[in-house]
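S.K.: Per the working numbering, the very first residue in the sequence shown carries number 166; after that it's consecutive. Quick reminder that beta carbons are idealized off the backbone N, C-alpha and C, glycines included. Computed from a predicted model, the values in this text were never measured in an experiment. One structure follows; several queries about it will come next.
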Amino acid sequence: MIKNVVFDLGGVLFDWDPRYLYQELLPTVAEVNYFLENICTNEWNKEQDAGRSLVEGTRVLIEKYPEHAELIRHYYSDWPKSLKGEIAGTVEILSELKQSGFNLYALTNWSAETFVYAKNNYDFLNDFIDIVVSGEEKCVKPDAKLYQILLDRNHINANASLFIDDRQENIDTALTLGMKGILFTSPEQLRDQLEIFALI
166 MIKNVVFDLG GVLFDWDPRY LYQELLPTVA EVNYFLENIC TNEWNKEQDA GRSLVEGTRV
226 LIEKYPEHAE LIRHYYSDWP KSLKGEIAGT VEILSELKQS GFNLYALTNW SAETFVYAKN
286 NYDFLNDFID IVVSGEEKCV KPDAKLYQIL LDRNHINANA SLFIDDRQEN IDTALTLGMK
346 GILFTSPEQL RDQLEIFALI
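Structure below.
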């Protein structure tokens, strides 16, 4: 019986994409895509999600690509522009689950420094009993260590837990730990899946 529901944040509850920022800074979609696929990459951002400071991450990248220094600095100095806002349909589901009495948790790959902005600006984050932030714990999904921190810190039975994430490799780790999993694609699809689990 499911008692605990664990949410990923980015891509599930938050619409976050650096393209929102860089489409204001670069003239064409092709240039935006090139910059984010080759300079400020997901792999580079993940280092900050794993605990590297924003200052250090920025410094390292500027040393490598000094000709792009100004654009690189914008990644974190204007970071809130990459966070378009909440995904309303999922936030609505979160509220319904809370009202139904489920224990709600979050497990997110997110820089500890930028997460402060989200925490201060989005009240729905208060619906969670606990939020495990990769940048604070110095490890990232799909590493099972991050999941285990959530389970141990909150005395959660994995077999009574459901994990929702938009990346299959993150779901796979949850399954190996004994949790159930839903690969998120949209609020509508999530609602359908939760109905199959008889949770809403």
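How about the segment 225-236 and the segment 188-205: do they share at least three Cβ pairs that are nearer than 8 angstroms?
M.R.: yes
S.K.: Does the distance from the C-beta atom of leucine 348 to that of tyrosine 312 stay below 8 angstroms?
M.R.: no
S.K.: For tyrosine 270, which three-state DSSP category applies?
M.R.: Judged by DSSP in its simplified three-state form, tyrosine 270 adopts strand.
S.K.: Taking Cβ to Cβ, would you say phenylalanine 328 is nearer than 8 angstroms to glycine 300?
M.R.: no
S.K.: Here's the rule I'm using: 16 or more other beta-carbon atoms within 10 Å means buried, otherwise exposed. How should glutamate 220 be labelled?
M.R.: Residue identity differs from the one stated: residue 220 is valine in this sequence, not glutamate. Valine 220 is exposed by the Cβ-count criterion.
S.K.: Among Phe267, Lys310, Gln354, which has the Cα closest to the Cα of alanine 339?
M.R.: Lys310
S.K.: Considering only residues of the segment 313-350, which uninterrupted beta strand (DSSP E) runs meet the minimum length of 3 residues and lie entirely inside it, listed in chain order?
M.R.: 326-330, 345-348
S.K.: Give me whichever residues DSSP pairs with aspartate 295 in a beta bridge.
M.R.: Tyr270
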